[in-house]
Amino acid sequence: MRADSALGALIEAAQRDAAANDAGRTVLQILLGHAVRIAARAYRPGVAGICGDLSQLSASSVTGVWEVIRVYPVRRRSRRIAANVALDARRTFARTLHQANCAELPVEPAYLDVPVPEAALDAGVELLGVLAWGIDQRVITPSEAALLTRVYCPAPGEAGGAAVADQLGLPWPTVRQRCSRAVRRLASAVSAVGHCA
249 MRADSALGAL IEAAQRDAAA NDAGRTVLQI LLGHAVRIAA RAYRPGVAGI CGDLSQLSAS
309 SVTGVWEVIR VYPVRRRSRR IAANVALDAR RTFARTLHQA NCAELPVEPA YLDVPVPEAA
369 LDAGVELLGV LAWGIDQRVI TPSEAALLTR VYCPAPGEAG GAAVADQLGL PWPTVRQRCS
429 RAVRRLASAV SAVGHCA
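Going by our numbering, the sequence shown opens with residue 249, and the numbers climb by one from there.
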C-alpha cells in the first residue's frame, strides 16, 4: 500500500511537469525489470525483423512503459500500480510489435478489385442466419454473437482472432474459450433442431 502511494505520487509528479523528468525517470527505473521481461518474452533469436533484434525489442518495451507512465490514471487505478503499469505497457508493446510486423505490401491496382466468390457470400449470409437464429432461440446472447462475428468473420480491413482480444483488453485464451462455449451451445441447439425436423 505504501509502495502504491509512493509510486502514484511519482507518476502524478511526472504527469504534472513534463519538463522535470526526474520523477518519470525514477518510475521508469523502478519498472525497468518489467520492460526487460517484456522484451525477453518476445525475443526470437535468428528470426528476421524486430522479433530477432533484442535491442529494438528492449527499446520498444521501455518506450511502452514510458508511454503508460505519462497517461496512467493514478486516481482511478490506485492499487497495484506497478503491476497495472506493467500490464498496460505489455499491451502497448504488443500493439507496437503487431504494427511493426504488419508492413504494407505494394499491390498492383488490378488486383484490388477482385470479386468475392458467390460461395463466400453465401457462407457469410448463412453464418449470420445461424447467429440470428441462436439469438432468437436464446441459445446465445447478442454480445456473444457480436464476439463470434468479430473473432471469426471480421469486417474487411479488420483483424480477427487474438487482435480482438487485445482490443477488448482480455487474454486471447479467455476470448477463445468464450467463443468455443458459444459455438458448442449453437452446435448442440442446431443439432437438436435437426433431429426434431
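We put the CB at the ideal spot given by N, CA and C, even for glycine.
*Burial state of Ser309 (16 or more Cβ within 10 Å)*: As a first step, residue 309 is located in the sequence shown; it is residue number 61 there, counting from the start. Classification of Ser309: buried, given that the 10 Å Cβ count is 16 or more.
*What is the DSSP secondary structure of Ala368, counted as helix, strand or coil?*
Working through the sequence shown from its first residue, we reach residue 368 at position 120. In this prediction, Ala368 scores a pLDDT of 49, lower than 50, which makes its location untrustworthy; the coordinate-derived value is nonetheless stated afterwards. Looking at Ala368 - three-state DSSP - the assignment turns out to be helix.
*On the premise that Arg424 lies in contact with Val387, defined as a C-beta separation below 8 Å, what is that separation, rounded to the nearest angstrom?*
The sequence position of residue 387 within the sequence shown is 139, counting from 1. The sequence position of residue 424 within the sequence shown is 176, counting from 1. Not confirmed; about 19 Å, so no contact.
_For Pro402 and Leu418, the rounded distance between their alpha carbons_ = Here the question's residue 418 lines up with position 170 in the sequence shown. Here the question's residue 402 lines up with position 154 in the sequence shown. Answer to the nearest angstrom: the Cα atoms are 17 Å apart.
_Quick check: the Cα distance between Pro377 and Ala411, rounded to an integer number of angstroms?_
Locating residue 377 in the sequence shown gives position 129, counting from the first residue. Locating residue 411 in the sequence shown gives position 163, counting from the first residue. One point to set straight first is that residue 377 is Gly, not Pro, in the sequence displayed. Straight through space, the alpha carbons of Ala411 and Gly377 are spaced by roughly 25 Å.
*Length of the line joining the Cα atoms of Ser428 and Ser253*: To locate residue 428, count along the sequence shown from 1; it is residue 180. To locate residue 253, count along the sequence shown from 1; it is residue 5. Roughly 41 Å separates the two Cα atoms.
*Cβ separation of Val313 and Val284, assumed to be a contact under 8 Å, to the nearest whole Å*: Stepping through the sequence shown from its first residue, residue 313 is reached at position 65. Stepping through the sequence shown from its first residue, residue 284 is reached at position 36. Distance from Val313 to Val284 at the Cβ level is roughly 10 Å; contact not present, criterion being Cβ atoms closer than 8 Å.
_Nearest-angstrom Cα separation, counted from Glu315 out to Ala337_ = Residue numbering aside, residue 337 sits at position 89 when the sequence shown is read from its first letter. Residue numbering aside, residue 315 sits at position 67 when the sequence shown is read from its first letter. Going by the C-alpha atoms only, they are around 8 Å apart.
*Which same chain residues, not among the five before or five after Arg273, have their C-beta less than 7 Å away from its C-beta?*
In the sequence shown, residue 273 corresponds to position 25, counting from 1. Excluding residues within five positions, none has a Cβ falling inside 7 Å.
*Taking all protein chains shown into account, decide if Glu392 is buried (16 or more other Cβ within 10 angstroms of its Cβ) or exposed.*
Position 144 of the sequence shown holds residue 392. Within a 10 Å sphere around the beta-carbon of Glu392 sit 16 or more other beta-carbons, which makes this residue buried.
*Could you give the DSSP three-state label for Gly382: helix, strand or coil?*
Stepping through the sequence shown from its first residue, residue 382 is reached at position 134. The DSSP-derived three-state label of Gly382 is helix.
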